[in-house]
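Everything below concerns the one structure shown next.
Numbering (this note's numbering), first residue to last: 219 to 446.
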């Protein structure tokens, strides 16, 4: 990651946010959607990785925290109060980070902003839940995963995803939805075990039928040690 004379003022990022920052392209204008405490926004601007960062949040209190965290950065960080990507005009930011939300919320945010269905935008997505659901949705909508990094934070494994639209909608395989691009990374086996536990829990809620059979087959693939 970038370092600079101002790095002494940089906030500490946990593994999850560090992985997200690494996917942000140097020199791009970034939007930190759901910025919460503002640490990622402050790091991106303070490290000079991004000349301008939009720190955005739905709630006034987190946005006020972000303003305090970024106060020393002046105009390098601008603040927007509002829902999802409604706070941005198309083209204002090229790199868009959405972290700290469930997959369903991330999908709703992207669906509500059809202008991001464009290869010009670099998406950094950190779902708090249902990683498999988000991977499937991205493939079905024509996005590709350019990269994915496992990060362990607060006792949990997160999948930090770097996506871009390539206009190639397709139905992905279940094993890919479950495990993505994490094979060979530190923690990959632990992550797959975590995903398997969730998959088995989902299976218990299904009645006999084609979907249950497909989930049983996927469980067998994971237990056999297969990777996408």
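All C-beta atoms in this analysis are idealised placements derived from N, C-alpha and C, irrespective of residue type, glycine included.
Every value quoted in this text rests on a predicted model; they were computed, and no experiment measured them.
Straight-line Cα distance separating residue j from residue i
i, j, result
"residue 416", "residue 388", "24 Å"
"residue 230", "residue 246", "21 Å"
"residue 273", "residue 309", "16 Å"
"residue 238", "residue 378", "6 Å"
"residue 366", "residue 335", "19 Å"
"residue 225", "residue 263", "In this predicted model, residue 225 has a pLDDT of only 46, less than 50, meaning its place in the structure is not dependable; the value taken from the coordinates is given anyway. In a straight line, the C-alpha of residue 225 is about 10 Å away from that of residue 263."
"residue 276", "residue 299", "6 Å"
"residue 360", "residue 296", "31 Å"
"residue 407", "residue 440", "10 Å"
"residue 223", "residue 341", "Caution is warranted here: a pLDDT of 39 is assigned to residue 223, below 50, making its placement in the model unreliable, and the coordinate value is therefore given only provisionally. Between residue 223 and residue 341, the C-alpha separation is close to 28 Å."
Residue interval of the alpha helix (DSSP H) (run including residue i)
i, result
"residue 441", "428–441"
"residue 274", "Taken as a continuous stretch (DSSP letters only), residue 274 belongs to no alpha helix (DSSP H), being part of the beta strand (DSSP E) at 271–275."
"residue 364", "Looking at the DSSP string, residue 364 is not in any alpha helix (DSSP H); the run it does join, the beta strand (DSSP E), is 361–371."
Contact check, residue i vs residue j, beta carbons under 8 Å
i, j, result
"residue 253", "residue 233", "no"
"residue 321", "residue 352", "yes"
"residue 409", "residue 375", "yes"
"residue 324", "residue 345", "yes"
"residue 393", "residue 337", "no"
"residue 302", "residue 330", "yes"
"residue 248", "residue 242", "yes"
"residue 235", "residue 258", "yes"
"residue 364", "residue 381", "yes"
Segment limits, beta strand (DSSP E) that includes residue i
i, result
"residue 323", "From DSSP, residue 323 is part of no beta strand (DSSP E) but of the alpha helix (DSSP H) over 321–329."
"residue 311", "Per DSSP, residue 311 belongs to no beta strand (DSSP E) and is neither H nor E."
"residue 249", "248–251"
"residue 296", "295–299"
Beta bridge counterpart(s) of residue i as assigned by DSSP
i, result
"residue 407", "Its beta-bridge partners do not exist; DSSP assigns none."
"residue 344", "317"
"residue 378", "367"
"residue 420", "Answer is none; residue 420 lacks a bridge partner."
"residue 339", "DSSP lists no partner for residue 339."
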